[in-house]
Amino acid sequence: MKELLYLNKYFIKYKYRFILGIVFTIVAQIFSLFTPKLISKSFASIEAFAKDKTISNDIVIDELVNNILLIIATTIIAGFLTFLMRQTLIVMSRHVEFDLKNEVFRQYENLSQNFYKQNRTGDLMNRISEDVSKVRMYVGPAVMYTINTFIRFAIVILFMYRVSPLLTLYTILPLPILSYAIFRLSNEINIRSTTFQEYLSKVSSFTQEIFSGVRVIKAYSLENQHQDNMHALALESKSKSLDLAKVQSLFGPLMLALIGISNLVVIYFGGIMYINGSIKSIGTIAEFILYVNMLTWPVASLGWVSSMVQEAEASQKRLNEFLKIEPEIKNNNPGKSIIEGTITFDNVSYTYQDTNITALKNISFTVNKGETLAILGKTGSGKSTILSLISRMYDVTNGAVKVDGQEISRLNLFDLRNSIGIVPQDAFLFSDSIKNNIKFGKEDAEIEEVMAAAKNAVVHDNIMGFNKQYDTILGERGITLSGGQKQRVSIARAIIKNPPILLFDDCLSAVDTETEEAILNNLNTISKDKTTIIVSHRVSSAKNADKIIILEDGEIIQQGSHNQLINQEGYYASLYLKQLSEKELL
173 MKELLYLNKY
183 FIKYKYRFIL
193 GIVFTIVAQI
203 FSLFTPKLIS
213 KSFASIEAFA
223 KDKTISNDIV
233 IDELVNNILL
243 IIATTIIAGF
253 LTFLMRQTLI
263 VMSRHVEFDL
273 KNEVFRQYEN
283 LSQNFYKQNR
293 TGDLMNRISE
303 DVSKVRMYVG
313 PAVMYTINTF
323 IRFAIVILFM
333 YRVSPLLTLY
343 TILPLPILSY
353 AIFRLSNEIN
363 IRSTTFQEYL
373 SKVSSFTQEI
383 FSGVRVIKAY
393 SLENQHQDNM
403 HALALESKSK
413 SLDLAKVQSL
423 FGPLMLALIG
433 ISNLVVIYFG
443 GIMYINGSIK
453 SIGTIAEFIL
463 YVNMLTWPVA
473 SLGWVSSMVQ
483 EAEASQKRLN
493 EFLKIEPEIK
503 NNNPGKSIIE
513 GTITFDNVSY
523 TYQDTNITAL
533 KNISFTVNKG
543 ETLAILGKTG
553 SGKSTILSLI
563 SRMYDVTNGA
573 VKVDGQEISR
583 LNLFDLRNSI
593 GIVPQDAFLF
603 SDSIKNNIKF
613 GKEDAEIEEV
623 MAAAKNAVVH
633 DNIMGFNKQY
643 DTILGERGIT
653 LSGGQKQRVS
663 IARAIIKNPP
673 ILLFDDCLSA
683 VDTETEEAIL
693 NNLNTISKDK
703 TTIIVSHRVS
713 SAKNADKIII
723 LEDGEIIQQG
733 SHNQLINQEG
743 YYASLYLKQL
753 SEKELL
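According to my numbering, the sequence shown is numbered sequentially starting from 173.
Structure, rendered in structure tokens:
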């Protein structure tokens, strides 16, 4: 139960609903207990009439009718109060589910890139959906039935004790056996529930990955192989589910058997006590049988409740694994940060935690506000890492990244990122309209601004060629568009934001040379008063930059302007000559 202690803050938050639910439960149980007592009185009246013929028949009938009306009235009241109990406690659980899902989602947003490299999307989705739902069952039905059970037990046992302490003792004799059985089965359920949830996450992760890569699977004609893999994984998951179900299925029969034994105990010992004169009326036995049957559902529900609690604990444990992770990237400055745009790398080194690869080694450079820096180098030389450090997706291992002379770790994280327009190497678009994808950079943008940004990204004509133009809904990850169109929509998304810093990570690799030239000309106009960093493999993207640096194995091997570098023997000059000859051949 220690994992579920995390939820106590929600019980405190919704304490008034919780307390009101308990009050409704207590009052409902009190009204439900009038029925056995009234039936006992009815039996006593009939028994007295049978023994004493002087009692008027009308008096007995009147008493029976009154008792029946009272039973109906108290049952209706108990039912209405039970409805109110559910409205308070079950509705409370929905509020907790809402809060917990939002808390998990916020934590997902706060966790760093390293976290997402180490965890699969399907597993993360399973935790925020399946695991939170199981926790909700604990906060709602499990807590409700537990409160209901304990209150009913307390009140019923008290009523039974007042009638006959000895018969009460006989009646509760099977309960220790019940407690021991629940304890043993609960432990087993906890183990099997954890295993089942893990396999459920594996199935979710596998299917999510298959759906995302279905085009590659079809292209390589590997449908049957992956179907076999899915079949094997589903079989294993089914096996774990059946193992859990087998243990859970023991609860119901066990509870009902113990209740049946209690009924037999009441009839046997109650009958002996009636014969001996310890019990004055046969109605007492009927009353006790009703009390025992009133305990049937609470006792039977103990198994179900115990199962829910164990499953919830297993799920909350999985949630706690993420909720207790301290985000690597924290906002260390809650105040406002004004960003102008001067960027300085001071002896910066960075090593990726997941691979232990040192991507940057003692990198130093400065880009002033209004300047453009181009970064070139071979694949894996550390170009994209520089952009990730500027946007503080990672924190440096050594050295310092500064913006306007301040270390970025001392700036307000959200102000820093809001001041950056970034176009990633892998253009990601949402399953929404093209208009909304561009407006993602500025949610309150008018359609004229959207169109202007698209024109600067040289994608406006392509969009106008679609049937619904800017209202065209894109498929998952922008699959409706070509690679070049996706890159240009991403560029428009960054441009419309109009930030002081623009970062372009090899975002023109999928466009032709003519389109690239048009986009770069537009960017030269747009970025006159902005700090711009362009990562590329093409000299054509870098030639107009104020500064150019060449990276190799995480180190700067060349730097200067285009004219300076083409006159130096090295990587840039050779790349320029190679790409120039390729262009001439075309």
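Ideal Cβ placement from N, Cα and C applies to all residues, glycine included.
Bounds of the alpha helix (DSSP H) holding D295 are 293-298. Per the DSSP secondary-structure output, K719 pairs in a beta bridge with L545.
The shortest C-alpha to C-alpha distance from I202 to any of N298, R324, M623, L241 is the one to R324.
Taking N239 as the centre and dropping the five residues before and after it, the same chain places the C-beta of L210, K213, S214 closer than 7 Å to its C-beta, in chain order.
Distance from R564 to I501 at the Cβ level is roughly 6 Å; contact confirmed, criterion being Cβ atoms closer than 8 Å.
Separation of N540 and K640 (C-alpha to C-alpha, rounded to the nearest whole angstrom) is 42 Å. Around the Cβ of D677, a 10 Å sphere holds 16 or more other Cβ atoms; the residue is buried. Cβ contact annotation for I198 (same chain, cutoff 7 Å, sequence separation greater than five): I323, in chain order. Rounded to the nearest whole angstrom, the C-alpha separation of I722 and V630 is 28 Å.
In the structure shown, L430 adopts helical secondary structure according to DSSP, grouped into three states.
The beta-bridge partner set that DSSP reports for N693 is empty. Taking the CA atoms as reference points, V276 sits about 17 Å from N286. Close CB contacts of K700 within its chain, under the 8 Å cut and outside five residues either way in sequence, are with G542 (chain order). Where T530 is concerned, the enclosing beta strand (DSSP E) starts and stops at 530-539.
The Cβ neighbour count for T293, taken over all protein chains shown within 10 Å, is under 16; the residue is labelled exposed.
Contact check for S217 and V232: beta-carbon distance about 5 Å, within the 8 Å limit, so the pair qualifies.
In summary, Q399 is exposed, with fewer than 16 beta-carbon neighbours lying within 10 Å of its beta-carbon over all protein chains present. The criterion of a C-beta distance shorter than 9 Å is not satisfied by G577 and I535.
Remark: C-beta atoms of V464 and S434 approach each other more closely than 9 Å.
When secondary structure is reduced to three states using DSSP, A714 falls in the helix class. Under DSSP, no beta-bridge partner is assigned to G637. With respect to E483, M309 sits close: the two C-beta atoms are nearer than 9 Å. Per DSSP, G385 is not a residue of any alpha helix (DSSP H), being assigned neither H nor E. V520 is bridged by DSSP to I535.
Taking 9 Å as the cut-off, the Cβ atoms of I511 and I705 do not count as close. Residue pairing for V707: DSSP places it in a beta bridge opposite I547, D677. Here S393 is exposed. Its C-beta has fewer than 16 other C-beta atoms within 10 Å.
When beta bridges are read from the DSSP output, A406 appears opposite no residue. Look at I515 here: in three-state DSSP terms it is strand. For H632, the number of other beta carbons within 10 angstroms of its own is at least 16, and it is reported as buried.
Note on geometry: alpha-carbon atoms of N504 and D587 lie some 12 Å from one another.
Shown here for L256: same chain residues with a beta carbon closer than 6 Å to its own, the five before and five after excluded, namely F196 in chain order.
In the DSSP annotation of this structure, the continuous segment of the alpha helix (DSSP H) that includes N609 starts and ends at 606-611. Three or more pairs of CB atoms, one per stretch, sit closer than 8 Å, so the segment 662-676 contacts the segment 590-604. Contact annotation, S413 with F368: C-beta distance approximately 6 Å; criterion of less than 8 Å satisfied. Following the DSSP letters along the chain, one finds K496 in no beta strand (DSSP E), marked with neither H nor E.
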